[in-house]
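**Q** Handing you this structure, nothing more for now.
In this note's numbering, the protein residues as written are 470 to 772.
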C-alpha cells in the first residue's frame, strides 16, 4: 500500500500539528511586479522543464520541480505526467491541517504505476554550486531557500572539511511542499504524492521532497477533505490533467518568475517577519513572491 504510513499513528495529533499562522494573510506570497518590470537581477525565471502544472476540479496548481534535491523522483513525476497517467486521478486522502494525497491509479491508496519503486532521496549533498540563501542560523544549522524550496543544511564552513566539498541538506515540510508517499519500507515511493496544506516537520528527512507550490496553495487547501482521521475522501476532487510546462504549446505556457532569496527586498521581508514573530519565527512563515504571466487559462472541461 503506497500511503503515508504515519497517518494512522499520528491522527490524534493532527488537530494540533499544523501551523495555525500559515492561515495569516501576511504570510501569502506578495504580489509581484508586471513582467515588463521584473528585474532579472532580483528575480529568477523558472525553466519550463522544472514547472509542473496541475489542473484540478478546484483550480490550478503550479509547482517548481527540484531535481537538485531529488533527481530520480522528479524524473518519475515528469515521466508519469508526460504519459498522462495522472489525468483524472482523485485526491483520495486529504487531511485538513496536514496534506492532500493523489497519484494512485486505483484511487484507493493501494495502487501504483507499473514502473519500479524508487529509493528514498530524503537528503542531498549541497555544494557551493547550488543556489542557496540563508534566512536563519540557529546553533549548528542554517535554514533558508534553495530556489523556492525551504531547506535546512550544515554551514558552508564545513565544506572545506568534507571529501566531496559539500554538506548535508534536506527540504523542510512547509505549506506547499510536495513529497512522495511510500510504504513503511523507505524505498517504495512510486507514483503517489502529496502536497502540504500546513507545515508538518515530523515528515522531514522521512519522505522525499520533489517540489514546491508556487501558485495554488489556496487550491490545495480547498480540496475536499476526509471526514475521519484516516483522511479517506468520499466523492473526492480530481486532477483533470498534470503536465510539465515544457511539453505545452508555447501559447499555453505560463511564464513564472520567483523573487530571488538573495534579493534585498526579500531580505527586508525576512527581517520584518523575524521582528513580528520573535522567538516563534520559522522559515515556514516565509513565501518568496511569485509573478505569473500571462494569467493561467481556465482548466479544460472535466469531460
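C-beta atoms are modelled at their ideal positions from N, C-alpha and C, and glycine is treated no differently.
Please report how far the alpha carbon of residue 708 lies from the alpha carbon of residue 626, in whole angstroms.
**A** Locating residue 708 in the chain shown gives position 239, counting from the first residue. Locating residue 626 in the chain shown gives position 157, counting from the first residue. Going from the Cα of residue 708 to the Cα of residue 626 covers about 44 Å.
**Q** Are three or more beta carbon pairs between the stretch 563-570 and the stretch 604-624 nearer than 8 Å?
**A** no
**Q** So with Cβ pairs under 8 Å, would you call residue 625 a contact of chain C?
**A** Here chain C cannot be found, since the structure has a single protein chain.
**Q** Rounding to the nearest angstrom, what Cα-Cα distance links residue 754 and residue 564 in this structure?
**A** On the chain shown, position 285 is the one that residue 754 refers to. On the chain shown, position 95 is the one that residue 564 refers to. Spanning the two alpha carbons is a distance of roughly 20 Å.
**Q** Please go through the same chain and pick out, in chain order, the residues whose beta-carbon is closer than 8 Å to the beta-carbon of residue 695, but skip the five residues on each side of it.
**A** If you number the chain shown from 1, residue 695 lands on position 226. When the five nearest sequence neighbours on each side are left out, the beta carbons in the same chain lying within less than 8 Å of the beta carbon of residue 695 are those of 562, 563, 564, 701, 702 and 703, in order along the chain.
**Q** Tell me the DSSP secondary structure of residue 535 in three-state form.
**A** Here residue 535 corresponds to residue number 66 of the chain shown, with the count starting at 1. In the structure shown, residue 535 sits in coil (DSSP, three-state: anything other than H, G, I, E or B).
**Q** So for residue 550, helix, strand or coil by DSSP?
**A** Reading the chain shown from its first residue, position 81 is the one you call residue 550. Three-state result, residue 550: helix.
**Q** Hey, out of 635, 663 and 636, whose CA is closest to residue 646's CA?
**A** As a position in the chain shown, residue 646 is number 177, starting the count at 1. Of the listed residues, the one whose Cα sits closest to residue 646 is 663.
**Q** With 16 other CB atoms within 10 Å as the buried threshold, where does residue 583 fall?
**A** Looking up residue 583 in the chain shown gives position 114. Per the 10 Å Cβ criterion, exposed.
**Q** Roughly how many angstroms separate the alpha carbons of residue 710 and residue 689, rounded to a whole number?
**A** Your numbering for residue 710 matches position 241 in the chain shown. Your numbering for residue 689 matches position 220 in the chain shown. Between residue 710 and residue 689, the C-alpha separation is close to 15 Å.
**Q** Please return the same chain residues whose Cβ sits closer than 6 Å to the Cβ of residue 726, not counting the five positions on each side in sequence.
**A** Residue numbering aside, residue 726 sits at position 257 when the chain shown is read from its first letter. These residues qualify, in order along the chain: 507, 512, 514 and 760.
**Q** Within 10 Å of its beta-carbon, does residue 720 have 16 or more other beta-carbons around it, so buried, or fewer, so exposed?
**A** Start at 1 with the first residue of the chain shown, and residue 720 comes out as number 251. Under this definition residue 720 is an exposed residue.
**Q** Measuring CB to CB, does residue 685 end up less than 8 Å from residue 530?
**A** Residue numbering aside, residue 685 sits at position 216 when the chain shown is read from its first letter. Residue numbering aside, residue 530 sits at position 61 when the chain shown is read from its first letter. Taking 8 Å as the Cβ cut-off, residue 685 and residue 530 qualify as a contacting pair.
**Q** Under the rule that 16 or more other beta-carbon atoms within 10 Å means buried, what is residue 464, buried or exposed?
**A** Beyond the ends of the chain as shown, which are 470 and 772, falls residue 464; an answer cannot be given.
**Q** Our contact map puts residue 525 next to residue 590 with C-beta atoms below 8 Å; I'd like the distance itself, whole angstroms only.
**A** On the chain shown, residue 525 is found 56 positions in, with the first residue counted as 1. On the chain shown, residue 590 is found 121 positions in, with the first residue counted as 1. Contact flag wrong, Cβ pair sits at about 26 Å.
**Q** Candidates 682, 675, 657 and 638: which alpha carbon is nearest residue 667's?
**A** Looking up residue 667 in the chain shown gives position 198. Among 682, 675, 657 and 638, the Cα nearest to that of residue 667 belongs to 682.
**Q** With burial defined as no fewer than 16 other Cβ atoms inside 10 Å of the residue's Cβ, what is the status of residue 552: buried or exposed?
**A** As a position in the chain shown, residue 552 is number 83, starting the count at 1. Exposed: under 16 other Cβ atoms inside 10 Å.
**Q** Mind checking whether residue 656 and residue 588 have CB atoms under 8 Å apart?
**A** For the purposes of this step, residue 656 is taken as the residue at position 187 of the chain shown. For the purposes of this step, residue 588 is taken as the residue at position 119 of the chain shown. Yes; because the gap between Cβ atoms is below 8 Å, this pair is in contact.
**Q** Give every residue of the same chain whose Cβ lies closer than 6 Å to the Cβ of residue 730, excluding the five residues on either side of it in the sequence, and list them in chain order.
**A** Sequence index remark: in the chain shown, residue 730 carries index 261 (1-based). Excluding residues within five positions, the ones whose Cβ falls inside 6 Å are 602 and 614.
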